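Visitor: Numbering (the numbering used here), first residue to last: 292 to 734.
Input: one structure, supplied below.
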Ligand SMILES: NC(=O)c1ccc[n+]([C@@H]2O[C@H](COP(=O)([O-])OP(=O)(O)OC[C@H]3O[C@@H](n4cnc5c(N)ncnc54)[C@H](O)[C@@H]3O)[C@@H](O)[C@H]2O)c1
């Protein structure tokens, strides 16, 4: 299987990627921050291309690129990144894999009908852009996807061996880059939340996973394993925005270490959990002891329907529930409920009840209600993450990106859940990028 990886040389114009050694990082950092020219083209390859979040991302990025809306809610368009050359929005090209039929225009119209978030005056001028992006969408893979996800796809899927699926995904990515004349590609996982995958010996090393794939051991993988394998094997950065635990398996991370690409996950922190991670430190600062934190989420849409499945939901609850004890530093009674309420569509509502103890042991409570449009909250985060992942790859960084912890409910390899400290990590990283950039004359 090493042969396959060697055969797929990628990207067409090689990135200054290097293995994660201190010296290579130092060597790369000098050419870092000022390198993205306005005419460079970055591909964003979305696994789960026609989902609500993915469609909002595509519409939103093209709308900003055409100046139809101001760039609100993007860190990568704020003062925080001043002096750092990020990929310009106009040079971003979209493509992806999807298991349902359709196109971006019809998905966007459907979203608008339900939530009112993508109005016709925004979609009309983007008709050609959306058609062009739809031409870059290819049929996805679905090994061991579980019943809730299988039901989304049309019946009668042709059975394809796992190795053939990996190779097809690799070919799709390569041809996307070639046909669109792309300088670089970043992959992002926005597929439906998969049922958790139980740890298996096949996950422990790349050699073991390769044997499982060659032996067509379907139970050892989920769709996101195949996607992550393909991205890692081609040396492409990966943003893992879902809670699915089958994506960044130890074996996949070994493959990323070999190809030297950066990656980060898991599960975007967009709504209720974001508020939790900002509020919980306040209780710590004032030594107010939290006794109970109950959270109850109701949401509709396809995401809500998939999460109505008990096993798919368990993956989400795990990422939403884990952070409080870690921020507060002691165990407490917590519960996260998620219920499917079809009429809400993407307008999710969360109600949280916090019971806490103050001076003289007196008990008090805080309640908040969060009403957000899930995709509107998440799309700018994905765009930030992709541009930061691209920056990291151009700087020759590889492996997990801990400075992006503030974007995730379960940041990889990080125990830091406190939003304030996570934000500091990002600002410190951006300072390092700025200080390693070559000085420009006359400034
Ligand atoms: N605020 C948010 O929207 C938010 C926050 C954090 C995480 N997420 C996660 O992001 C993901 C996408 O959210 P969404 O609201 O867009 O959901 P969605 O159901 O609208 O989109 C998921 C898309 O993935 C497609 N898909 C499923 N399995 C696939 C496969 N194997 N290959 C290719 N395509 C596949 C589906 O057909 C669908 O189009 C979910 O896992 C969700 O939990 C979303």
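Glycine included, each C-beta is placed from N, C-alpha and C at the ideal position.
From a predicted model like this one, the values you see are computed outputs, not experimental measurements.
#1: Do residue 665 and ligand 1 come close, with the Cβ less than 7 Å from some heavy atom?
#2: Within 10 angstroms of the Cβ of residue 442, are there 16 or more other Cβ atoms? Answer buried if so, exposed if not.
#3: Cβ of residue 389 within 7 Å of any heavy atom in ligand 1?
#4: Just to confirm my understanding: we take residue 655, look at its own chain, exclude 5 residues before and 5 after, and list those with CB closer than 7 Å. What are they?
#5: My output table needs one value for residue 433: the three-state DSSP class, helix, strand or coil.
#6: Kindly list the residues whose CB is nearer than 6 Å to the CB of residue 705, restricted to its own chain and excluding five residues on each side of it in sequence; keep chain order.
#7: Select from 573, 581, 435 and 550 the residue whose C-alpha is nearest the C-alpha of residue 509.
#8: Tell me whether the beta-carbon of residue 710 lies closer than 8 Å to the beta-carbon of residue 569.
#9: Got a sec: does ligand 1 put a non-hydrogen atom nearer than 7 Å to the Cβ of residue 611?
#10: Is DSSP giving residue 724 helix, strand or coil here?
#11: Please report the straight-line C-alpha distance between residue 294 and residue 521, rounded to a whole angstrom.
#12: Specify the secondary structure class of residue 716 as computed by DSSP and reduced to three states.
#13: Just to confirm, does residue 698 get its C-beta within under 7 Å of one of the non-hydrogen atoms of ligand 1?
#14: Let me know the secondary structure DSSP gives residue 258 once reduced to three states.
#15: Consult DSSP for residue 573 and reduce its assignment to one of helix, strand or coil.
#16: Just tell me which of 602, 483, 680 and 584 has its CA closest to the CA of residue 657.
#17: Taking residue 411 as the reference, give the member of 420, 396, 425 and 642 with the closest Cα.
#18: Would the beta-carbon of residue 506 be found less than 7 Å away from any heavy atom of ligand 2?
#19: In three-state terms, what does DSSP make of residue 643?
#20: Measuring alpha carbon to alpha carbon, tell me which of 707, 675 and 718 ends up nearest residue 380.
#21: Provide the residue span of the beta strand (DSSP E) that contains residue 631, from first to last.
Guide: Taking the structure as given:
#1: Here residue 665 refers to the residue found at position 374 of the chain shown. Under cutoff, so the answer is yes.
#2: Here residue 442 refers to the residue found at position 151 when the chain shown is read from its first residue. Counting Cβ neighbours within 10 Å, residue 442 comes out exposed, since fewer than 16 surround it.
#3: Counted from its first residue, the chain shown places residue 389 at position 98. Checking the Cβ of residue 389 against ligand 1 gives yes.
#4: Translated into the one-based positions of the chain shown, residue 655 becomes position 364. Excluding sequence neighbours, residue 655 sits near 647 and 649.
#5: Indexing the chain shown from 1 puts residue 433 at position 142. Reduced to three states, the DSSP call for residue 433 is coil.
#6: The sequence position of residue 705 within the chain shown is 414, counting from 1. Closer than 6 Å at Cβ, skipping near neighbours: 693 and 696.
#7: For the purposes of this step, residue 509 is identified with residue 218 of the chain shown, where counting begins at 1. Out of 573, 581, 435 and 550, 435 has the C-alpha closest to the C-alpha of residue 509.
#8: The sequence position of residue 710 within the chain shown is 419, counting from 1. The sequence position of residue 569 within the chain shown is 278, counting from 1. Yes, these two residues count as a Cβ contact at 8 Å.
#9: The count along the chain shown starts at 1 and reaches residue 611 at position 320. The answer is no for residue 611.
#10: Sequence index remark: in the chain shown, residue 724 carries index 433 (1-based). In this structure, residue 724 counts as helix in the three-state DSSP scheme.
#11: For the purposes of this step, residue 294 is identified with residue 3 of the chain shown, where counting begins at 1. For the purposes of this step, residue 521 is identified with residue 230 of the chain shown, where counting begins at 1. Confidence at residue 294 is low in this model, with a pLDDT of 36, below 50, so the placement of that residue should be treated as unreliable; the coordinate-derived value is given next. Going by the C-alpha atoms only, they are around 14 Å apart.
#12: Taking the chain shown and counting its residues from 1, the one referred to as residue 716 is at position 425. Helix, per DSSP.
#13: Here residue 698 is taken as the residue at index 407 of the chain shown, counted from 1. The answer is no for residue 698.
#14: The shown model of the chain, from 292 to 734, leaves out residue 258, and the question about it has no answer.
#15: On the chain shown, residue 573 is found 282 positions in, with the first residue counted as 1. Helix.
#16: Numbered from its first residue, the chain shown carries residue 657 at position 366. Ranking 602, 483, 680 and 584 by Cα distance to residue 657 puts 584 first.
#17: Looking up residue 411 in the chain shown gives position 120. Selected option, being the one with the closest Cα: 396.
#18: Ligand 2 is absent from the structure shown, which contains only ligand 1.
#19: For this step, residue 643 is matched to residue 352 along the chain shown. Residue state, collapsed to three classes: strand.
#20: One-based indexing of the chain shown puts residue 380 at position 89. Per the Cα distances, 675.
#21: For the purposes of this step, residue 631 is taken as the residue at position 340 of the chain shown. Here the beta strand (DSSP E) through residue 631 covers 624-631.
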